[in-house]
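Numbering (our numbering), first residue to last: 26 to 238.
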């Protein structure tokens, strides 16, 4: 299942230096600096300020890393109607995202509430009640109903690395070398046993007749 595959990708990224260096190189090398050029200096300064306030350069690197590692990135973009600009970009966990095909050809994207969100919606503690008041009513209603939370197409972006155009979800780069990585782990485990036996030699004891050892 997808959660297990994502867990393997994250694990190999954490413990295998070749996987980590390859993914990090793909993620950081293409992004050096964001420059905005416009004849209208007011427009140029507006977007430069938005890039600085949202930390867009760092977000782009995080999106690229998740794109290559897990094969997809779901970015929730918060729009401030008062300023007419994007105020925040939140990278969602693909393990909690549900993508369903639709008749329009554009998939519907939902987020599955985790246990922490369920606790906030159902708890009566003063801290959770205060946090619940700041949440959107449709999110609270969806969680109480036991369903997934729909994400507006205007606010969510799905950046997907597909193996074929018909797929709705992406595939990370490490998936193609899972078998090689597993074999490498088995060979390494074999060498661990050999090294341990050299440090602590096996004791052979004769039990009963000389044929049995």
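Ideal placement from N, C-alpha and C gives every residue a C-beta, glycine not left out.
{"Item": "Does the beta-carbon of residue 183 have 16 or more other beta-carbons within 10 angstroms, so that it is buried, or is it exposed?", "Value": "buried"}
{"Item": "What are the boundary residues of the beta strand (DSSP E) that residue 176 is part of?", "Value": "Unbroken run through residue 176: none, as it is neither H nor E."}
{"Item": "Excluding the 5 residues flanking residue 44 on each side, which residues of the same chain have their C-beta closer than 6 Å to its C-beta?", "Value": "37, 38 and 199"}
{"Item": "For a minimum of 3 consecutive residues, which ranges assigned as the beta strand (DSSP E) are wholly contained in the segment 159 to 220?", "Value": "181 to 185"}
{"Item": "Since residue 176 contacts residue 134 with CB under 8 Å, what's their CB separation in whole angstroms?", "Value": "5 Å"}
{"Item": "Measuring only the C-alpha atoms, how far is residue 109 from residue 83?", "Value": "22 Å"}
{"Item": "Does the distance from the C-beta atom of residue 28 to that of residue 120 stay below 7 Å?", "Value": "yes"}
{"Item": "Put residue 101 into one of helix, strand or coil per three-state DSSP.", "Value": "strand"}
{"Item": "Note down the Cα distance separating residue 102 from residue 180, rounded to an integer number of angstroms.", "Value": "5 Å"}
{"Item": "For residue 30, which of 97, 147, 81 and 58 has the nearest alpha-carbon?", "Value": "97"}
{"Item": "Short of 8 Å in beta carbon distance, which residues of its chain neighbour residue 77, apart from the five on each side in sequence? Order them along the chain.", "Value": "none"}
{"Item": "Relative to the C-alpha of residue 105, which residue among 89, 75 and 51 is closest?", "Value": "75"}
{"Item": "What does the Cβ neighbour count give for residue 224, buried or exposed, with the cut at 16 atoms within 10 Å?", "Value": "exposed"}
{"Item": "Measure from the alpha carbon of residue 123 to the alpha carbon of each residue in 26, 231 and 222, then state which is nearest.", "Value": "26"}
{"Item": "On the DSSP bridge list, what partners appear for residue 117?", "Value": "99"}
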